Every structure is written in structure tokens, then in C-alpha cells.
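Residue numbering for the sequence shown follows my numbering, beginning at 1330 and increasing consecutively. Down below is the structure, laid out as C-alpha cells.
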Amino acid sequence: MRIAVLIEDRCKPNSPAFMYLQKYAGTCGGECIQVNGNKCKILESACPPCLVRAKHCPGDAVKIINLPEELDTDLTHRYGENGFRLFRLPAPKKLEVVGILGANGMGKSTAINLLSGTLRPNLGDWLAGDLPWEEVLEAFPRGELRDFMTNVAENGVRIAVKPQYVDKIPKAFDGKVSALLERIDQRGVIEQVSHDLGIDHLFSRNLPELSGGELQRVAIAATLLKDADVYFFDEPSSYLDIHERMRVVKIIQELSQSGKRVIVIEHDLAILDVICDLIHVVYGERAAYGIFTPPRQTRTAINAYLDGYLEQENIRIRDKPIRFLRGRMRGEEIGEPILEWGDLEKTQGTFHLKTDHGKVHSSEVVGVVGPNATGKTTMVKMIAGQLEMDEGWCTMEAKVSYKPQHVKPEFAGSVQLWLDSELGMKWRQGEFHTTVIRPLQVDKLIEQDVRRLSGGELQAVSIAICLGKEADLYLLDEPSAHLDANARMEAAKAIRKTMEVNEKSAMVIDHDIYFIDIVSDSLLVFEGEGGVSGRAVGPLPLRKGMNRFLEQVQITFRRDHDSHRPRINKLDSRKDREQKSSGEYFYAG
């Protein structure tokens, strides 16, 4: 089965891709490649020479893909002749949290629309209009999914969706938190939900005044307050610290146990592991096609995803497995100190930050962890020279490159022009292109307008620009935000590799334990009360630092015996109690 997908955003009139296809339109004497007005089209029945030409279209604007023949019968929906295709669907289940794991751009939003009845599956026949429900239902195998879709067809379903990009909410509603939540409280549980999420104190605040973590919790509350049959949570952990993430896990699991169907899309694999009962892996090619696997047990699905090989489908979805190193003594090759500080203090409003004495060495990656609003970003901004310290001392000869927490698409032009203006020719070739640009898939974005990038795409380009600058110390604030699970692992490896190869140093703030585990040699641990006081301790050796951090939130991690990835222990389980009693909160044994 061969498909031709044309990415319209990359093939607009006067673009290199449009002019390329216009040049070859009709050259074979047939209509394999067509350009009519401002529209391009590639026939899937095109002759081999024209398919080769189309495949080499600039900007990766045309994708010619060979799919397994067995997918002929599993095509669920298709957007136009050269549009995105979705194969199969996840199945919402009662009393079980169903997870979706896969890269962005694989059709998760399309799946939500199809499961809600907002969009009716066309089974690949985009010209037929709305197919009869009888024909649609016959296309699904007997079981939970067909039963669910029958209910959609006969009775309709009510859905509630927690959006992925919560930072866009204030643009739609800029009033008080209380006004938003009271307006949509269909279940009459506003007091209970706000208490469970710890947002009672935010009711008098306007939405544009909230931090990312506060917006996330308000968005989750708004979703829970709706009276729905199916609840979709798209990246519910973004901007939240580990304590808040675990609180959200408990709330979502209780919702499922109340009889509601729940689907979670999450890229923090530690959280996905602990929150879900079953997981559908979705694979394919971004913006071209997506394929949902049948549901697997959570551990099996995540390990297969990390390994990059889906045994049941006999499909390799990644060139190399993502590996977690066990028992490695990190920091053995670090060099001389390039940054040293002591007794730093900073007061901002009612918040006060104080640090102990600390050092960062060459070739060292320092992970920065701790609860929200305890001063992590404040300290990094002081090191970057964006904030003045009130007290204390800091010695540094290092040149700094800084990626802030919130990246705004302010550059007017293409990604290529942005990279050229920041990095010159460096990004186009050599070690940096191999280590950073290609793994983060920035090379596939170069012709896109910066202001039209998704959150994950903007994050990837921003990480590349930060790592590409000539510096001794690289400061990255929440680089995993908006990246899918695979991109997070690639970003972590890109940061480590850059520091090792160039003998540079980095400080990385993040809440994703997998990300921190891969990237860090040591940890700077923040303690205190969010918004009131913070104290920075360390850097400490990775294991010691993680034990100190996790003891604050009373969460223990073990290592998976196959993949060696960190896994959260169930609260009060035998393993959890054993590790707490021995003081080993992070992968004992």
C-alpha cells in the first residue's frame, strides 16, 4: 500500500516546494504531478519517475510512503487525496484509564474528534460525505470499540477535553478563575475539585496572572467540572512538579473508578506508567499518517516504545532503543569549576530565595529539581545575568547561553532564517547537525514560519539555538515542556552529548524524572514553600540528590528490571515501604 502525502503549509504559492512541483507538473506526459492555481496534487498511481521527483520536493513537503498491505482494511479516516490518514482507533473503557503514547502529529486530535462523534469516520472515502453509520460500524472489529462507537451513533456521547496548550486559555477567557469555573460547573462539585487540586486561593486571580502550573491545574479543574461520558486529558502534567503530578494521578484514577471513561495523552513516561491501566502506542510519520496499536499492558507498552520495536506488529519505530544506564558512576570525567557561588539571596515581593555553597564543573550537567515556585528559575536568571542578587557571591569566567522557561515565537521569518541569524552556518553541517539538529528534527522545520510553529516545534528549535551558541555554560529552563516522549529523550541525549564532546557545562531545570535521569551528572535540589521561600542545596551526586528531593514528596522509584527505566512505586506498597525505611527513595538495589 503506497500513499502520497502533501504538507500544504510547506507548499504554498512561491515557496520552493510549490515552484519545484510546478516545474515537474505534466513533464511525464501524464497527470502524475498537478498544479492548478495555488493547489498541488500528487497521484498515488503516479509513474515511478514522478514519484521519485515528488519525494525529493524541497522542505520535505511531499512524503511517499509504503505501508503494510494489511492496513488496507484498517483505514479509519482520511483528509483528502493527499491528506493525513489515521488507521484504527483507541478504545475508551469503563473503570480503566487508557493511555495514548506516541509522537506529536500522529492523529491523536483526530482520534478524539472521531471518538466524540464530532467527526464521522469516512474509512478513507473522503468524497462520500457522511457514510451510513451501519457501514462505519461494520468496519470495526467486534468488541469494546465497536460497542462504544455504536453508542456514539445511536445516543451520542458527552465529552470533556483538557487542552494541550494551557497557556492559550487566557486568550479565550481573561476574567477571574472563580468566574470561569462557576460558569462550567455542571456537576456541582467545584468546592471538592478546587480543594483536591489546591487552587482555592486562586479564585480571586485573573487567568492572565497565573503561572503555567496554576493554569494547568485550573484547566484540569474545568475539565473535571463538566458532566461528560468520556474525559480526555491532553498532557495533564506539563508545568507541574512531581508532587502536583501525583496529585493529578490520584484525581484522574478516582474519576475512572467512578464509572467514567478516561483517556490520557501524556509524554512524562513515569506519570503515564503509574496513571494508566492500558496503553495504545501510536506510530507513523508526523503529519502524514498514524497507526494505533491494540491496547497493551502499561509496562509492556512503555518498554516496547523505548525499545523502538513493536513485536506484535513486527514494526521498528525507532532506529535505536532509548537506554537508561544502571549503576554508572556519573561525574567521573568532570573538570575544573567554571562557576561557584555561596550564600546567594534574592527577594521578590513576598518570596525569598537563599542558597548554600555550590559549584559547576566543566563537562558536568547539573539537573535542577524541586517544587514549583521555590526559586529554580530565579537562580538560573541570576546566573544568566538577567537578575541581580541581593546578597552573596558568585564567581564565573564562563560565557552563558540561556533558554528561558517560556519561549515566545517573536522572530519574523522562517526557521532557517532564525537559525542563520543566531548560529550562522554552524547548524547546517558537522557534529552539531548530527548531534542536535537531526535528532530534534529541526532539519524538517527549516521552511516553516517561526510564528506558526507548534509548542513542541518551537521548543526543539529553541533548544538547538541555545546549544548551538558559543558558550561555556548552558542554562535550559524546562526544555522538555511540549516535547513528545521520543523528542524528550532525544533532547536529553543531545544536551549530554554536547557537553561531553565539547567539554562544556549545563544546568537543566525540569520536572520529568526520565529526562533528569538521562541528562544529569548531579542535582541542585530546591526546598521550601512555593511562593514564600526557597533554598538551593548542592549540587549533590545524582542518587543522593534524588533521594533528598523525593523524600520531600514521599515518592519512591524503582528500576524496571528489563529497560532500567525509573518506575514510581505504588504508595504504601511493600516496595515503597521498604525503600522509605532504608532511605533509598530512588531505585534501591
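Glycine is no exception: its CB is placed at the ideal position from the N, C-alpha and C atoms. Please read all numbers here as calculations on a predicted model, not as lab measurements.
- Looking at the backbone, the Cα of residue 1871 and that of residue 1543 are separated by about 29 Å.
- When the Cα atoms are used, residue 1711 and residue 1862 turn out to be separated by approximately 16 Å.
- A direct Cα-Cα distance of roughly 44 Å separates residue 1841 from residue 1367.
- Using a Cβ distance threshold of 7 Å, residue 1733 and residue 1780 do not count as a contacting pair.
- Scanning its chain for C-beta atoms nearer than 6 Å, with the 5 sequence neighbours on each side dropped, one finds around residue 1482 the residues 1462, in chain order.
- Assignment of beta-bridge partners to residue 1858 by DSSP yields 1862.
- Non-local beta-carbon contacts of residue 1507 in its own chain, meaning distances under 6 Å to residues more than five positions away in sequence, involve 1532 in chain order.
- Annotation for residue 1617: 1334, 1392, 1394, 1413 place their beta carbon closer than 7 Å to its own, counting only its chain and skipping 5 residues before and after.
- The Cβ atoms of residue 1536 and residue 1503 lie closer than 7 Å to each other.
- Checking the DSSP bridge columns, you'll see residue 1671 partnered with 1722.
- Residue 1754 carries a coil assignment under DSSP once its states are collapsed to helix, strand and coil.
- Bounds of any beta strand (DSSP E) do not take in residue 1360, whose DSSP letter is neither H nor E.
- With 16 or more other Cβ atoms from the protein chains shown falling within 10 Å of its own Cβ, residue 1552 counts as buried.
- For residue 1542, the enclosing alpha helix (DSSP H) covers residues 1541 to 1554.
- Separation of the CB atoms of residue 1690 and residue 1834 is rounded to 7 Å, and the pair is thereby assigned contact status at 8 Å.
- DSSP places residue 1432 outside both helix and strand once states are collapsed to three, so it counts as coil.
- Excluding the 5 residues flanking it on each side, residue 1606 has same chain C-beta neighbours closer than 6 Å at 1425, 1426, in chain order.
- Judged by their CB atoms, residue 1577 and residue 1428 are not nearer to each other than the 7 Å cut-off.
- Residue 1676 and residue 1798 have their C-alpha atoms spaced approximately 31 Å apart.
- The Cβ atoms of residue 1634 and residue 1418 lie no closer than 7 Å to each other.
- Residue ranges of uninterrupted beta strand (DSSP E) with 3 or more members, entirely inside the stretch 1844 to 1918 and ordered along the chain, are 1851 to 1858, 1862 to 1870, 1886 to 1888, 1895 to 1897.
- Judged by DSSP in its simplified three-state form, residue 1419 adopts coil rather than helix or strand.
- The stretch 1684 to 1700 makes contact with the stretch 1845 to 1852; the number of CB pairs closer than 8 Å reaches 3 or more.
- Remark: C-beta atoms of residue 1812 and residue 1777 do not approach each other more closely than 7 Å.
- Look at residue 1730 here: in three-state DSSP terms it is strand.
- Boundaries of the alpha helix (DSSP H) around residue 1501: 1498 to 1501.
- The criterion of a C-beta distance shorter than 7 Å is satisfied by residue 1819 and residue 1769.
- Short of 6 Å from the beta carbon of residue 1361, and not among the five residues preceding or following it, lie these beta carbons of its own chain, in chain order: 1372, 1375, 1376, 1379.
- Taken in chain order, the whole alpha helix (DSSP H) runs of length 4 or more contained in the stretch 1679 to 1719 are 1705 to 1712.
- Here the alpha carbons of residue 1580 and residue 1604 stand approximately 10 Å from one another.
- The stretch 1483 to 1533 contains, as complete beta strand (DSSP E) runs of 3+ residues, the segments 1488 to 1491 (chain order).
- The three-state secondary structure of residue 1567, taken from DSSP, is coil.
- Residue 1395 has 1331 as its beta-bridge partners, per DSSP.
- Each of 1516, 1558, 1567, 1511 was checked against the Cα of residue 1785, and the nearest Cα belongs to 1567.
- Where residue 1618 is concerned, the enclosing beta strand (DSSP E) starts and stops at 1618 to 1621.
- Here residue 1545 is buried. Its C-beta has 16 or more other C-beta atoms within 10 Å.
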